[in-house]
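Enquirer:
Numbering (my numbering), first residue to last: 262 to 963.
#1: Do you know offhand how far residue 459's Cα is from residue 492's?
#2: Of the choices 795, 720, 659 and 440, whose alpha-carbon is the least far from that of residue 643?
#3: My output table needs one value for residue 901: the three-state DSSP class, helix, strand or coil.
#4: Output needed for residue 936: all residues of its chain with C-beta closer than 8 Å, excluding positions within five of it in sequence on either side, in chain order.
#5: From residue 915 to residue 760, what distance separates their C-alpha atoms?
#6: What is the C-beta distance between residue 497 and residue 270, in whole angstroms, given that I count them as a contact (C-beta under 8 Å)?
#7: Go ahead and pull the three-state DSSP assignment for residue 877.
#8: Using a beta-carbon distance below 8 Å, is residue 701 in contact with chain D?
#9: How should residue 418 be labelled, buried or exposed, when 16 other C-beta atoms within 10 angstroms of its C-beta is the threshold for buried?
#10: Residues in the same chain with beta-carbon distance under 7 Å from residue 918, minus the five sequence neighbours each way, listed in chain order, please.
#11: Taking the beta carbon of residue 422 as the centre, do at least 16 other beta carbons fall within 10 Å, making it buried, or is it exposed?
#12: Assuming residue 538 is part of the alpha helix (DSSP H), what are its boundary residues?
#13: Which first and last residues belong to the beta strand (DSSP E) in which residue 835 is found?
#14: Can at least three beta-carbon pairs, one atom from the segment 531-538 and one from the segment 319-331, be found at a separation below 8 Å?
#15: Look at the alpha carbon of residue 263 and the alpha carbon of residue 384, and state the distance between them as a whole number of angstroms.
#16: In whole angstroms, what is the alpha-carbon distance linking residue 744 and residue 891?
#17: What does the Cβ neighbour count give for residue 674, buried or exposed, with the cut at 16 atoms within 10 Å?
#18: By how many angstroms is the C-alpha of residue 876 removed from the C-alpha of residue 863?
#19: Take residue 539 as the anchor and find which of 826, 332, 843 and 407 has the nearest alpha-carbon.
#20: Please classify residue 520: is it buried, with 16 or more other beta-carbons within 10 angstroms of its beta-carbon, or exposed?
#21: Taking 8 Å as the cut-off, does the segment 338-354 touch the segment 304-313 (at least 3 CB pairs, one atom from each stretch)?
#22: According to DSSP, simplified to helix, strand and coil, what is residue 587?
#23: Taking the alpha helix (DSSP H) that residue 394 belongs to, which residues open and close that run?
#24: Measuring alpha carbon to alpha carbon, tell me which residue in 659, 731, 425 and 768 is nearest residue 754.
#25: Between the C-alpha atoms of residue 751 and residue 733, what's the straight-line distance to the nearest angstrom?
#26: From this set, 616, 700, 701 and 677, which residue's C-alpha is nearest residue 664's C-alpha?
#27: From residue 282 to residue 468, what distance separates their C-alpha atoms?
#28: So what's residue 598 in DSSP terms, helix, strand or just coil?
#29: Is residue 343 near residue 309, with beta carbons less than 8 Å apart?
#30: For the segment 288-302 and the segment 547-559, state whether three or more C-beta atom pairs, one from each stretch, are separated by less than 8 Å.
#31: Can you list, in chain order, the residues of its chain whose CB lies under 6 Å from that of residue 775, leaving out five sequence neighbours each side?
#32: From residue 276 to residue 884, what distance separates their C-alpha atoms?
#33: I need the boundaries of the alpha helix (DSSP H) containing residue 335, first residue and last residue.
#34: Where do the ends of the beta strand (DSSP E) carrying residue 560 lie?
#35: Report the start-end ranges of each beta strand (DSSP E) in the segment 639-700 that is 3 residues or longer and not cut off at the edges.
#36: Taking C-beta to C-beta, are residue 944 and residue 902 nearer than 8 Å?
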């Protein structure tokens, strides 16, 4: 006689830091609330729920009664609450001290909201690296879920009776122990077959699969996936709720209780031993591995903008950790026998502690994973998510600077871990990062109030789905002449003729990029990023020169760079950042070249309604302004000598769950001058930032 099957279910609910309020509202109405209501109607169904800290904060503020309902299900033993990093970080990407802080904050929130002491963890994006057992064990967490495909390298040593080949799906039953440096955790393999069938297949098909899992001994199979697929994903609300899929499924689980049981992970671990021991390599679910090229950190190679954000996060984390250690609040020592540094007497110790606590919270919010990568849900391509991450990181950085009592500072360091030096300039108002090796460009220009990175842009680059768009567009035109309707219908794109916007950049869209030409290029060449083919010399590294001396604290901070050109001639760049106001000067000097046209490019993240839709050109421009009133920031550009000024929106075509869409990533501003050949020539570009005092500065929901 066959033994029963236990179905273990983990449902994960999350909205990113900085997401729009209407998205939270829609997700609650279409997924979170009706799913919980279905659970309340079916007390015989037991499972685990996970709500990220970002979502918990929103629920506590806007839907507190919902949390009370979840707490009631926890009390009656129907629901187990899973922990995670509070703001849903990818744990392997953040320092161990931050891992422990985030996990502890989430466990405390679970105790507060639900009266539950979490012993299991939801692993963000199921990104696994081999040192995680130690992290989870130290945090008091005993088990987590990773996708079955991650167990595939260990197949020869896994119990054959618990391996399932069902059609094209390979699955694994039971759960397994693993460890790192002697600290252990339990892993539940999450079924791909169930992930693809729930809720998309008929209830009977899923039950038939579960029936096929029966063995002579009791077995358990795990489902672990997003709660948003139950109502928020396109076309799922009608299927799951209006047509009754979820109620039918839960009713079937209760009805088939003679051979099919549901329980929580906590109770299953108490009742059944592990099925074996396993060691897993770095991995994630199959789709994530496809998007990342096999390893999550590849996103930081493909997208320098994501790498810059990650390295910014790590620099802020290190600064806070070092200050906490000086304060006696550190989680770990940074070196054997290291003596604490002497802390500044001001601000007072209690004030410093409060500043660092808030800085740490802001850092954690800036570690929310969604803006650091790109798959089917937009992610990195969603500029409002990147802006929110930078806002939190900059707020954390500002608070840490206040705790340290710092004023203006200039230093040379390897800020982005590429093995080459960068220049870091900071005042109480703003921060600048310059990269001599990357063409002497400015890669970060951030204001602290409001907290915004003015260079938070994204280059246009090829994505695998772009070729699909081109193919569909060609087929549609062949079938229907010039009509774009069939393209829209076939691909689910959000606008017609989207393939016309598939333009690509050969460079990172930072600031103070320089170009030289024999003849004036066209604005269309700049928009299409084809003008680089005509430049007299390619971009190349600059060498640092000694900084200009400062005669006092009010004097500007400066960086000087020089480049010797391959065919003779020299370029010198000088960047001066005001110490007392948010302004910077960019001086450019050219000597001994045959260039007839020089261009300087700046890419800015502000959204000025006047410049969002089409390119523009000004001749003999001596000054120019742009603003984003909702952010409360305006910029004034002063040019000496006057220049031809081009501006155009930089837009990407990216994939989201609703289809392909065009997204504004920034505004390109290009200044062009005609220069006499062979002689020395100099230009000065000055940027001044201004803040509107009556504008709000929201930095997200967390």
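By construction, the Cβ of each residue, glycine as well, lies at the ideal position given by its N, Cα and C atoms.
Expert: Concretely, from the data shown:
#1: Rounded to whole angstroms, residue 459 to residue 492 spans 12 Å at the Cα level.
#2: Checked all of 795, 720, 659 and 440; the closest Cα to residue 643 is 720.
#3: Three-state result, residue 901: strand.
#4: Within the same chain, residue 936 has close Cβ partners 851, 856, 857, 858, 859 and 942.
#5: For residue 915 and residue 760, the distance between alpha carbons rounds to 11 Å.
#6: About 17 Å; that fails the 8 Å criterion.
#7: Secondary structure at residue 877: strand, using DSSP grouped into helix, strand and coil.
#8: You won't find chain D in this structure, because it holds only one protein chain.
#9: By the 10 Å Cβ count, residue 418 comes out exposed.
#10: So the list reads 494, 495, 637 and 638, once near-sequence residues are dropped.
#11: So residue 422 ends up on the exposed side.
#12: Per DSSP, residue 538 lies in no alpha helix (DSSP H) and is assigned neither H nor E.
#13: Looking at the DSSP string, the run of the beta strand (DSSP E) that includes residue 835 is 831-838.
#14: Contact between the segment 531-538 and the segment 319-331 is absent: fewer than three C-beta pairs spanning the two stretches fall below 8 Å.
#15: The C-alpha of residue 384 is placed about 33 Å away from the C-alpha of residue 263.
#16: Legend: pLDDT at residue 744 = 30, less than 50; position of this residue unreliable, no value from coordinates given.
#17: By the neighbour-count rule (16 or more Cβ atoms within 10 Å), residue 674 is not buried but exposed.
#18: Taking the straight line from one Cα to the other gives about 15 Å.
#19: Ranking 826, 332, 843 and 407 by Cα distance to residue 539 puts 407 first.
#20: The residue in question, residue 520, is exposed, as its Cβ has fewer than 16 Cβ neighbours within 10 Å.
#21: In short, these stretches touch, since the Cβ pair count reaches three.
#22: The DSSP-derived three-state label of residue 587 is helix.
#23: Per DSSP, residue 394 is one residue of the alpha helix (DSSP H) stretching across 393-399.
#24: Closest by C-alpha distance to residue 754, out of 659, 731, 425 and 768, is 731.
#25: The predicted position of residue 751 is uncertain, since its pLDDT is 37 and thus under 50; a value taken from the coordinates is nonetheless stated next. Answer to the nearest angstrom: the Cα atoms are 8 Å apart.
#26: Comparing Cα positions, the closest option is 616.
#27: Taking the Cα positions, residue 282 is about 37 Å away from residue 468.
#28: Residue confidence for residue 598 is low, a pLDDT of 40 falling below 50, so the modelled location carries little weight and cannot support an answer.
#29: Yes, Cβ-Cβ distance for residue 343 and residue 309 is below 8 Å.
#30: Too few Cβ pairs lie closer than 8 Å, so no.
#31: Excluding residues within five positions, the ones whose Cβ falls inside 6 Å are 861.
#32: Spanning the two alpha carbons is a distance of roughly 42 Å.
#33: Residue 335 -> alpha helix (DSSP H) spans 325-336.
#34: For residue 560, no beta strand (DSSP E) run applies; the uninterrupted alpha helix (DSSP H) run containing it begins and ends at 560-563, by DSSP.
#35: The DSSP assignment places complete beta strand (DSSP E) segments of no fewer than 3 residues inside the segment 639-700 at 670-674, 683-687 and 691-696, in order along the chain.
#36: Contact: yes.
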